[in-house]
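> A single structure is presented below for examination.
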Amino acid sequence: MNCLKNTNLLCFFGGLAAAMAGAKLVKSGAVRKAAVSGLARAMRLQKEAQEALANLREDACDLCCEAERKSKGKA
Numbered sequence: 837m838n839c840l841k842n843t844n845l846l847c848f849f850g851g852l853a854a855a856m857a858g859a860k861l862v863k864s865g866a867v868r869k870a871a872v873s874g875l876a877r878a879m880r881l882q883k884e885a886q887e888a889l890a891n892l893r894e895d896a897c898d899l900c901c902e903a904e905r906k907s908k909g910k911a
């Protein structure tokens, strides 16, 4: 009974049980499928963001060059 009042011991066994349950959960097929799906979605979003950034850089460069040409024409 005295063991049940020891919070450190209860936390240890609770953590041990959570780790064992987590290990079983991670090895399950449904979790693996969800993780792969989430990772694929994240990779797709990263690729789209990189493409958008490249387009933005090209547009900014075009605007800069156009402004430079106009300023030389007026000077």
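Take 837 as the starting number for the sequence shown in this note's numbering and just add one per residue.
We treat Cβ as the ideally placed atom computed from N, Cα and C, and that holds for glycine.
Where do the N-terminal and C-terminal ends of the alpha helix (DSSP H) with residue 915 fall, by residue?
Because the chain spans 837 through 911 in this model, residue 915 falls outside it and cannot be assessed.
> How many angstroms separate the CA atom of residue 901 from the CA atom of residue 890?
Near 17 Å, if we compare the C-alpha coordinates of residue 890 and residue 901.
> Keeping to the same chain, check which residues put their C-beta closer than 6 Å to that of residue 860; ignore five residues upstream and five downstream.
Within the same chain, residue 860 has no close Cβ partners at all.
> Starting from residue 844, trace the alpha helix (DSSP H) in both directions and tell me its first and last residue.
Run containing residue 844: 843-862, per the alpha helix (DSSP H) assignment.
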